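*Asks:*
There are 2 protein chains.
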Amino acid sequence: MSVSQAAGMLKQAEDILILTHRRPDGDTTGCAGALCRGLRQIGKTAYVLPNSEITRRYAPLIDGLYPPESWQPRFVVTTDIADFNLFPDNALMYQDRVDLVIDHHRSNPGIGRMNLIRPEAGACAEIVYDVMMALGITFTEGIARCIYVAASTDTGCFKYSNTVPHTLRVAAACLETGLDGGEINRELFEVKSWPRFQMERIIFDTMRFFHDKKIALATLYRKDINRVGADMDDLDAIAALPRQIDGVQAGLTLTENEDGSVKASVRTTKEIDASAICRKCGGGGHLRAGGASFPPDVDMPQAIQLILQAAEEVYQESRI
Amino acid sequence: MSVSQAAGMLKQAEDILILTHRRPDGDTTGCAGALCRGLRQIGKTAYVLPNSEITRRYAPLIDGLYPPESWQPRFVVTTDIADFNLFPDNALMYQDRVDLVIDHHRSNPGIGRMNLIRPEAGACAEIVYDVMMALGITFTEGIARCIYVAASTDTGCFKYSNTVPHTLRVAAACLETGLDGGEINRELFEVKSWPRFQMERIIFDTMRFFHDKKIALATLYRKDINRVGADMDDLDAIAALPRQIDGVQAGLTLTENEDGSVKASVRTTKEIDASAICRKCGGGGHLRAGGASFPPDVDMPQAIQLILQAAEEVYQESRI
Chain A
1 MSVSQAAGML KQAEDILILT HRRPDGDTTG CAGALCRGLR QIGKTAYVLP
51 NSEITRRYAP LIDGLYPPES WQPRFVVTTD IADFNLFPDN ALMYQDRVDL
101 VIDHHRSNPG IGRMNLIRPE AGACAEIVYD VMMALGITFT EGIARCIYVA
151 ASTDTGCFKY SNTVPHTLRV AAACLETGLD GGEINRELFE VKSWPRFQME
201 RIIFDTMRFF HDKKIALATL YRKDINRVGA DMDDLDAIAA LPRQIDGVQA
251 GLTLTENEDG SVKASVRTTK EIDASAICRK CGGGGHLRAG GASFPPDVDM
301 PQAIQLILQA AEEVYQESRI
Chain B
1001 MSVSQAAGML KQAEDILILT HRRPDGDTTG CAGALCRGLR QIGKTAYVLP
1051 NSEITRRYAP LIDGLYPPES WQPRFVVTTD IADFNLFPDN ALMYQDRVDL
1101 VIDHHRSNPG IGRMNLIRPE AGACAEIVYD VMMALGITFT EGIARCIYVA
1151 ASTDTGCFKY SNTVPHTLRV AAACLETGLD GGEINRELFE VKSWPRFQME
1201 RIIFDTMRFF HDKKIALATL YRKDINRVGA DMDDLDAIAA LPRQIDGVQA
1251 GLTLTENEDG SVKASVRTTK EIDASAICRK CGGGGHLRAG GASFPPDVDM
1301 PQAIQLILQA AEEVYQESRI
């Protein structure tokens, strides 16, 4: 469906509820916050469903937009949700009645009655921006902040290859509202919390290298995570560190969960398929970023062996 | 003067030489590389003056554009050069015969016969882009690469507050040529050389904090720099590290030079004036970034005392 068709649907809709995905990131949250504010601006009743996994970083984008207790929606929109298994628990009741899907994930099978899916968009926020423009919504600084955070976080501050010309033009429109992009980005990308700073030190000091330094392994033990008080926001960015080192083609980060089980985050350069490494450990993902969760009986030393073996196999296969 | 007037001058000009500034960065180099290629495309003879301080990072932007030995220019252009004291030694002979200045530094007094200075531009490359468009130059991928690197490096990959809507729109035009911005940015902003990785470890492990962790001090001793083999490219980005830590308002980095003298790099948040700290040590700079070189007889322990005292004074003054 086209942007103008999606806008047409929203123009007809009343009592609109917007859903965000599990482990909400800047894109899903920023899209929801922007769309909700925009719809209210043109006279709609609109809310964002609370998301219990929201982190301190993105909570401000949708704070105050939650529905009153007994309110019932008549129109349900999802932003940046690729599949039903990404619905938070409190959104499951809407699974069979999603009216409009706005998304940029190629894998989205079309989980709504109507689906506006544009895989060429770097961030879902670009599509939400287009829909809002088609609705004649005035692009205020408050709305621009949501769209900017969404576009910026989903593209590594416009650094990654998924950034397209439209991403940059939407960001330009955001700055034109008077938004201080520099201050926003400083918070998002530069400021390191004390726990994160300390976790980075640990990572740097314990990183190990294999295969002529083509493979880097970092291990985050629970006792260290707890000692420095790191949370999900702190740990999120750390998986990207090992791959940053010159010559490293596969950066493997193993994190010990609260229950002692281990999960792997894999980041690769273009030479190696990250999802192939993760599939060998029961996980999956994309070409350059993937993840896997080991069974509960696999402890850290075993997980190290398994992920290294998987990486070595994929590394060898990639050289054939 | 206007963009179209500058374009008009270049259209009339023949045998054009383009100058870059001392310690050339991505902006001066990218501007020169783009303009030279663009002028050649419309039939001009154009060269970039070699710059002895060019680093491996930016050299490819102007490689192969140097004039033959006995060639003499009839028209001289500077890109991103704010003042005569930024002329490399081999450019001094052109000091009194600069025909056209293209720059974005507010401090530029107008050092040429004609001066196109637009302080509102995040990068000088935005102005060069506009001039090239006014000249009807086709925006090829090779030219776009120069402009993209220039705009990206001068704005911290579009992260800093000096990024304006036009910066992003010019970058969008660059990506439209088919350029892989992600690969370029990975090289520029993500990949850490081994020496830099090791210097970062040293910085992280030796950083000291003062004034309720509002002031962070990092010290780079020559023996460590030499041991890990770090060069200017490696050290450049390191001065930004101390300020990245949550709550730090002034990040002070002291580097021991080859001759044993010490230089200071200061990065601050909006609360503290970096140039004020540096002025107290005989240096200067901008509001959030400054530098100073201590006299040869000041060794590292003394420099530490002096910079800390300066920072504490400015910190106290800022609280009044």
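Protein chains in written order, with our numbering: chain A, 1 to 320; chain B, 1001 to 1320.
Beta carbons are placed, not taken as given, at the ideal position from N, Cα and C, and that holds for glycine.
Treat the numbers as computed from the prediction; the structure is a model and nothing was measured.
List, in order along the chain, the chain B residues whose C-beta lies closer than 9 Å to that of Glu312/A?
*Replies:* Ordered by position in chain B, no residue passes the 9 Å Cβ test against Glu312/A, which lies about 22 Å from the chain.
*Asks:* Do three or more CB pairs link the region 1173–1190 of chain B to the region 156–165 of chain A at distances below 8 Å?
*Replies:* With a cut-off of 8 Å on Cβ pairs, the region 1173–1190 of chain B is in contact with the region 156–165 of chain A, counting three or more such pairs.
*Asks:* Hey, quick one: how far does the beta strand (DSSP E) through Tyr1047/B stretch, first residue to last?
*Replies:* Ala1046 to Val1048
*Asks:* Does the Cβ of Leu92/A have 16 or more other Cβ atoms within 10 Å, making it buried, or fewer, making it exposed?
*Replies:* exposed
*Asks:* On a Cα-Cα basis, can you pick out the residue from Leu65/A, Gly33/A, Gly282/A and Ile18/A that is closest to Ile143/A?
*Replies:* Closest in C-alpha terms to Ile143/A, from the list Leu65/A, Gly33/A, Gly282/A and Ile18/A, comes Gly33/A.
*Asks:* Please compile the residues from chain A whose C-beta is within a distance smaller than 8 Å of the C-beta of Thr1163/B.
*Replies:* Taking the beta carbon of Thr1163/B as reference, the chain A residues within 8 Å of it are Leu175, Gly181 and Gly182, listed in sequence order.
*Asks:* Would you please state the rounded distance, in angstroms, between the beta carbons of Leu65/A and Val48/A? I believe it to be under 8 Å.
*Replies:* 4 Å
*Asks:* Tell me which residue opens and which closes the beta strand (DSSP E) that Ser265/A is part of.
*Replies:* Val262 to Thr268
*Asks:* What in chain B is Cβ-close to Phe158/A, meaning under 7 Å?
*Replies:* What Phe158/A touches in chain B: Cys1157 and Phe1158.
*Asks:* With a threshold of 8 Å between beta-carbons, can Leu1235/B be considered close to chain A, or not?
*Replies:* Between Leu1235/B and chain A, the shortest Cβ-Cβ separation is not below 8 Å.
*Asks:* Going by DSSP, what residues sit across from Ala1218/B in a beta bridge?
*Replies:* Thr1253/B.
*Asks:* Which residue comes first and which comes last in the beta strand (DSSP E) that contains Ser293/A?
*Replies:* Ala289 to Ser293
*Asks:* Would a check of beta-carbon distances place Lys192/A closer than 8 Å to chain B?
*Replies:* Output row for Lys192/A: interface = yes.
*Asks:* Report buried or exposed for Arg1208/B, applying the criterion of at least 16 other Cβ atoms within 10 angstroms of its Cβ.
*Replies:* exposed
*Asks:* Closest by CA to Gly156/A, which one among Glu126/A, Phe189/A, Leu135/A and Ala134/A?
*Replies:* Phe189/A
*Asks:* Tell me whether Lys192/A sits in a helix, a strand or coil according to DSSP, three-state version.
*Replies:* DSSP, reduced to helix, strand and coil, places Lys192/A within a strand of the structure shown.
*Asks:* So the beta strand (DSSP E) Asn115/A belongs to, where does it begin and stop?
*Replies:* Met114 to Ile117
*Asks:* Can you confirm whether Ala1239/B, when its beta carbon is compared against all beta carbons of chain A, has any partner nearer than 8 Å?
*Replies:* no
*Asks:* Please confirm if Asp231/A has its CB atom under 8 Å from at least one CB of chain B.
*Replies:* Not a single C-beta of chain B is nearer than 8 Å to the C-beta of Asp231/A.
*Asks:* Out of Glu1200/B, Thr1140/B, Ile1272/B and Gly1008/B, point me to the one whose CA is closest to Met1114/B's CA.
*Replies:* Gly1008/B
*Asks:* Please report how far the alpha carbon of Ile238/A lies from the alpha carbon of Trp1071/B, in whole angstroms.
*Replies:* 53 Å
*Asks:* In three-state DSSP terms, what is Gly1282/B?
*Replies:* Gly1282/B: coil per DSSP, three-state reduction.
*Asks:* Over the uninterrupted alpha helix (DSSP H) stretch that includes Asp100/A, give me the two end residues.
*Replies:* A quick correction: the sequence has Leu, not Asp, at residue 100/A. Run containing Leu100/A: none in the alpha helix (DSSP H); it sits in the beta strand (DSSP E), Leu100 to Asp103.
*Asks:* Which residues mark the beginning and the end of the beta strand (DSSP E) in which Arg208/A is found?
*Replies:* Arg208 to Phe210
*Asks:* What is the DSSP secondary structure of Ile1018/B, reduced to helix, strand or coil?
*Replies:* If DSSP states are grouped into helix, strand and coil, Ile1018/B belongs with the strands.
*Asks:* Fully enclosed by the region 60–141 of chain A, which beta strand (DSSP E) runs are 3 residues long or longer?
*Replies:* 75–79, 100–103 and 114–117
*Asks:* Taking DSSP as the reference, what is the three-state secondary structure of Ile1272/B?
*Replies:* coil
*Asks:* Can you list the residues of chain A that Arg1201/B reaches, using a CB-CB cut of under 9 Å?
*Replies:* Arg201, Phe204 and Asp205
*Asks:* Output the distance between the C-alpha atoms of Thr1219/B and Gly1229/B, rounded to the nearest integer angstrom.
*Replies:* Annotation: Thr1219/B to Gly1229/B spans about 16 Å, alpha carbon to alpha carbon.
*Asks:* Between the Cα of Ala150/A and those of Phe294/A, Ile184/A and Asn108/A, spot the shortest distance and give me the residue it belongs to.
*Replies:* Ile184/A
*Asks:* Any beta-carbon of chain B closer than 8 Å to the one on Asp154/A?
*Replies:* no
*Asks:* Report the residues of the region 49–74 of chain A with a CB closer than 8 Å to any CB of chain B, ordered along the chain.
*Replies:* none
*Asks:* Tell me which residue opens and which closes the alpha helix (DSSP H) that Ile184/A is part of.
*Replies:* Gly181 to Asn185
*Asks:* Are at least three pairs of beta-carbons, each pair with one atom in the region 232–246 of chain A and one in the region 191–198 of chain A, less than 8 Å apart?
*Replies:* Contact holds: three or more Cβ-Cβ distances are below 8 Å.
*Asks:* Using only the alpha-carbon positions, how far apart do Ser1293/B and Glu1258/B sit?
*Replies:* When only Cα atoms are considered, Ser1293/B and Glu1258/B end up about 13 Å apart.
*Asks:* Inspect the CB distances between the region 1199–1218 of chain B and the region 1024–1039 of chain B and report whether three or more fall short of 8 Å.
*Replies:* no
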